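Each remark here refers to the structure printed beneath this line.
Residue numbers (this note's numbering), protein chains in the order written: chain A, 331 to 935; chain B, 2 to 113; chain C, 1065 to 1366; chain D, 988 to 1462.
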């Protein structure tokens, strides 16, 4: 395992050197490096429990770590296919390539960290390296907000890590965190500080502000990694703080709601809030990437709720949703990136009808959103189904409602780019664009195939998840052949897929039998007797859900709150500066006297 | 008694430093402050009707009421240092005057 | 999974189509009587559909056709999942979430096809249809969650059979009256009946999603509508009115429920789409929550 | 032969010589620093008694590991600072020599009054150096404040002498501790206040804003990387050997230090000027070091001082170099300059990441050590404050990094056309020197535990007073 880190470390240097010579070469090298990483981590699947040390960093292979690392590597690997084509848009291509691999090293290290210090070091490495990549996108402010929100999480983790190490006297994760079974008060503090990092990184309401900014304006090739990959680091922290950290024992005495301790329930409510908020905001967006970013907020809510449940179904669902969302979101971002490469924009109202020029990209996007919306037979359905089953089994009706809202709301927002970018009228300026380059198409097709595979044969992943559940001592999810069984329902995705295929086949036959249709142009449509000759005017891409958006357009947004907070801090700083750092020597002497008097009066007592 | 004179001078010096905005007056106030401090130091080693701490033939070897020489040595050094600071301060003040034609800091305002 | 399953499945689709299309024809007459007209023949709906199938048609590109096939295929597959009077083509696939999400495949296909036509009216129709869905589905889902919690199963056929054998009072509609009312209101939304029909109302936006269809595609859309109606009414029937012990009882109950929605719809005005959302989130969602809290925290309904 | 006395005498001697042969100032300066380094290595450690008078009658020098580490740091940074400042350092050669002598004396001396003298020597030298900023009112402000601080320190020292009859630094706290609280209170307050001015503690350190904020390639690094750690080390020595804190002085000092840290970072957060940002950052960091010394945690404080000195020196070299070349230090004017100066940009990034305490850099080790050490005092709220403030620190440092690296307009991809026209900020040899310091910082970050082991010896040399504020405050 150490070899993997050394290899990746060396290859990041090599990619820097190569990129200095020829940026594209370095970018191709990132594909090879991440593929090598993917393969070598895959080969570690049977060596669970092995520990290795590299200098003062200690690593251990765990099933969960392996699972997370595989997800991340998949996303990094597939997104890397896009890197070579964006080199000319970046002003520091060499830095991009090497930071791309550095952030990969950081995340993988995080998942395999054996002690808390390694965990934190890897975490921070991933954060700042990815921030420097985001900076090369369209917005400095986005990178900055990303860093600040992450820093809130990092610093609270650091506090938790150090306090844990101080109290428990060990830094080995499991040993240190299980110490708190005997110290619930300190445990509550550590739990709060620790999970905060998870919340900020997953982008849970109200810490979601960085996602739309960073995902929306990062270089197109890095948005999939941010959304599909780096966000999952937060999920890992959430996992650690509820599964390894004995959260249910620490809060054993607190008020319980349907068997869930109140603090954890509160966190779940935050997850539910981010589902609802993310959905509503995603519906409003005019930019495809920002829309997908808000959808990541919503999906983060599912993941958080699932992981916090710590039961047979929802927990498995949460862990599986990680993978499904990573794959689907990466594919969707990549599809949008491919479109942006050809058209130069991600604004939905400026696009339209791209399907007639980029059908494969369209298909990729379609499958991705089907998975993201949780419609069978794609992967997203299985995980959402498990979460629903788990929530309704426990009777957590509020959370279940939010989950349902997010699920149905997702139809609305995922359909928007589909309709506005790919369907509808093709603008004349995009008449001559071509399908995405074969290298990019390969990457997208890999992800698409994965989405489909996960949907039809979820048992492949659920077996690994069951292993994780057994390690944690909770009821494992039961997989029987291709069927997934739970206490209150079962589903056999292969059968669902077959029946669906059967229905499709029936109708296809019907369609073929019926008389053939005549192909007409897109402008040849019913227009209520208006004469419209410009395709752009006949394209409905702006304010798609206007009547619905109108219902909540006045709702306050969270970002201004942060801005105001930042302004207050600045004002406090300005006050301190003008009050204590006045350029007048009289005042400084006055302060000396004041301090002296205070001390003398205080000491005289 | 002499201590109180020192403290009074210190307070006067501080008062001057807190109130005046005239650079030369500030330096004067600083000097008053240092003077007060020096007097205070002298008073630490002062012994009434004491003798100079110099061993001569007619001084008994078990002499007890001699003046402590250390504070006096200190004051000497302190005066020299104070002098240096004052000279530098005046030079700076002169430079400022050359630039702004005034010694009044409130007229110059915050220099950026 | 044998060949028989598939044959049964095919028969289920066919039967559902024939049954629901006849019922639609009858209900066209019922509506006409409400409006003091004579109304068309009871098999007029069949005539309409088959006429459309036989006509020449146009296409706006492959996604227009593909969407239509995907829509109808998805809906047909959903019909196969629906348990009718305890009968299922594929036993064990009747989980309520599976049904409601496979249904979404059909809807997505339709929306895709409609938007693929390039007609903005169709897109507006789709936008309204999806908004409408968000409105009615949430209260309904809350009720569904309550049901699953209460009976500890998510299988539609099991939920139906639990209600059978103790007479009319065993029905969930009477055991959980608030939830029952919510579901029936939601049914109006699902079926696109007044007052929730703004997304397909011809007077509103030139038929909404259907605006660009003609010929065989239109015929497919008609078929789709019939099958979708069958799925939705069956779902409510199974969940709240005890399904049917025998096929005959099932069909009778079904006809009554469907005709009821039709009659009520005949005398209703129409909500604007945002009014529909507001309505669903105020009244039915509130009722559903009350029902849920009563069941979960006070144990009502056992 | 190899006595630490040379560390003071040599620069002083050179200073006198340099007055005579003006042309060779720069050479003499470098020569004496190099000789000092040799002396540092060769001189045996231990107490050195000057002129045969045994303390308390004579002056003695305490050349222990603590002094060694601090002296080594100062000589190295002084060497780099004078080298990189080049022509400016030539102009101020004599003064720099005096400054060096003063600092070495300050760090070595074992006599309270001698310390005062050395502080004044350093102060006067630094007044003169600060005039190279060309802002004389600021120098005047500094002069007045530092002189008042000096008088306070002197009064404190004299009162200590009056009560205890000795001025020997080593072990003075034992004698002072036997005095009643009411008596030891005032001299302790005077000594702390006197030092507080030089340490830039709020509210008495107001001079630092403008001296740092208008600095040039000489003054910035000298003040931030040489004077600041030097006074930090002196303060550490005082806390370890002399100062006896009671709850009032202890909490006042702690409160002042925390206020300096928090408000300093906040003030830095709002700055739109690179040098002003660094100025307030230095102020804040000095507050943090003082928190640690006050809590009697010298090891963490020394680590922090070293990290700060190295990081700040790089930041100031790059910042002053760039802002001189582009004639502005505002955020707008410097946007994207690192596109032209990649190497400077990388060193600046390393330094700022280390300053903020990002892992893989020395600053992280320092921060972790500090927080872990504070936990042992039981004051859990202080780490909370420190880490919360670290977010603000990270926020503004990152803002600057982003601004300096990326020339893009907000909402657009960066293009090379927006990059300001290239000008020479530092010449090749200067860049190499800056890189060397950055390399030192980077390597220290890679082997933090080894650095820690060396330093822990030094921190033990600073006689550990058992009493801490935490225990004192518990009463």
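All residues carry an ideal CB built from backbone N, CA and C; glycine is no exception.
Here the structure is a predicted model, which is why all the values come from computation and not from measurement.
So for residue i, helix, strand or coil by DSSP?
{"i": "residue 1122 of chain C", "result": "strand"}
{"i": "residue 1300 of chain D", "result": "helix"}
{"i": "residue 23 of chain B", "result": "strand"}
{"i": "residue 1034 of chain D", "result": "strand"}
{"i": "residue 18 of chain B", "result": "helix"}
{"i": "residue 103 of chain B", "result": "coil"}
{"i": "residue 1074 of chain C", "result": "helix"}
{"i": "residue 1360 of chain D", "result": "helix"}
{"i": "residue 1151 of chain C", "result": "strand"}
{"i": "residue 29 of chain B", "result": "helix"}
{"i": "residue 819 of chain A", "result": "strand"}
{"i": "residue 814 of chain A", "result": "strand"}
{"i": "residue 848 of chain A", "result": "strand"}
{"i": "residue 590 of chain A", "result": "strand"}
{"i": "residue 1462 of chain D", "result": "The predicted position of residue 1462 of chain D is uncertain, since its pLDDT is 27 and thus under 50; no value can be drawn from it."}
{"i": "residue 995 of chain D", "result": "helix"}
{"i": "residue 96 of chain B", "result": "helix"}
Nearest by alpha-carbon distance to residue i: which of the options is it?
{"i": "residue 452 of chain A", "options": "A:335, A:369, A:532, A:418", "result": "A:335"}
{"i": "residue 418 of chain A", "options": "A:357, A:815, A:587", "result": "A:357"}
{"i": "residue 1032 of chain D", "options": "D:1046, D:1389, D:1053", "result": "D:1053"}
{"i": "residue 1059 of chain D", "options": "D:1095, D:1085, D:1230", "result": "D:1095"}
{"i": "residue 523 of chain A", "options": "A:483, A:504, A:885", "result": "A:483"}
{"i": "residue 1361 of chain D", "options": "D:1198, D:1284, D:1243", "result": "D:1284"}
{"i": "residue 804 of chain A", "options": "A:643, A:628, A:895", "result": "A:643"}
Residues of chain A with a CB under 7 Å from the CB of residue i: which are they?
{"i": "residue 1183 of chain C", "result": "855, 856"}
Would residue i and residue j be called neighbours here (beta carbons separated by less than 8 Å)?
{"i": "residue 1192 of chain D", "j": "residue 1140 of chain D", "result": "no"}
{"i": "residue 1211 of chain C", "j": "residue 1223 of chain C", "result": "yes"}
{"i": "residue 774 of chain A", "j": "residue 691 of chain A", "result": "yes"}
{"i": "residue 1199 of chain C", "j": "residue 1341 of chain C", "result": "yes"}
{"i": "residue 1168 of chain C", "j": "residue 632 of chain A", "result": "no"}
{"i": "residue 763 of chain A", "j": "residue 864 of chain A", "result": "no"}
{"i": "residue 1186 of chain D", "j": "residue 1273 of chain D", "result": "yes"}
{"i": "residue 367 of chain A", "j": "residue 421 of chain A", "result": "no"}
Closer than 9 Å by beta-carbon distance: list the chain A residues that pair up with residue i, in chain order.
{"i": "residue 106 of chain B", "result": "913, 914, 915, 916"}
Which residues in chain C sit within 7 Å of residue i, going by Cβ to Cβ distance?
{"i": "residue 719 of chain A", "result": "1218"}
List, in chain order, every chain B residue whose beta-carbon is nearer than 8 Å to that of residue i.
{"i": "residue 1148 of chain D", "result": "45, 71, 72"}
Can you pull the chain D neighbours of residue i, defined as C-beta to C-beta under 7 Å?
{"i": "residue 85 of chain B", "result": "1111"}
Below 7 Å on C-beta distance, what does residue i contact in chain B?
{"i": "residue 919 of chain A", "result": "15, 18, 19"}
{"i": "residue 924 of chain A", "result": "Ordered by position in chain B, no residue passes the 7 Å Cβ test against residue 924 of chain A, which lies about 10 Å from the chain."}
Margin query: Tell me which residues of the region 1360-1379 of chain D have at least one Cβ-Cβ distance to chain A shorter than 8 Å, keeping chain order.
Written below: So the close ones are 1362, 1363, 1367, 1370, 1371, 1374, 1375, 1377, 1378, 1379.
Note to self: At a CB distance below 8 Å, what residues from the region 9-23 of chain B approach chain A? Give them in sequence order.
What the structure shows: Result list: 15, 18, 19, 20, 21, 22.
Checklist line | chain A contacts made by the region 1186-1199 of chain C, where a contact means CB separation under 8 Å | finding: For the region 1186-1199 of chain C, which is checked against every Cβ of chain A, the residues closer than 8 Å are 1187, 1188, 1190, 1191, 1192, 1194, 1195, 1197, 1198.
Item checked: Near-chain C residues of the region 823-842 of chain A (beta-carbon distance less than 7 Å), N- to C-terminal order -> Answer set for the region 823-842 of chain A: 825, 826, 828, 829, 830, 832, 833, 834, 836, 837, 838, 841.
Margin query: Any C-beta of chain B within less than 9 Å: which residues of the region 1110-1141 of chain D qualify?
Written below: Closer than 9 Å at the C-beta level to chain B, one finds these residues of the region 1110-1141 of chain D: 1110, 1111, 1114, 1115, 1118, 1122, 1123, 1124, 1125, 1126, 1127, 1128, 1130, 1131, 1133, 1134, 1135, 1137, 1138, 1139, 1141.
Checklist line | Chain-ordered residues of the region 667-697 of chain A with a beta carbon less than 8 Å from chain C | finding: Legend: CB atoms of the region 667-697 of chain A lying less than 8 Å from CB atoms of chain C belong to residues 683, 685, 686, 689, 692, 696.
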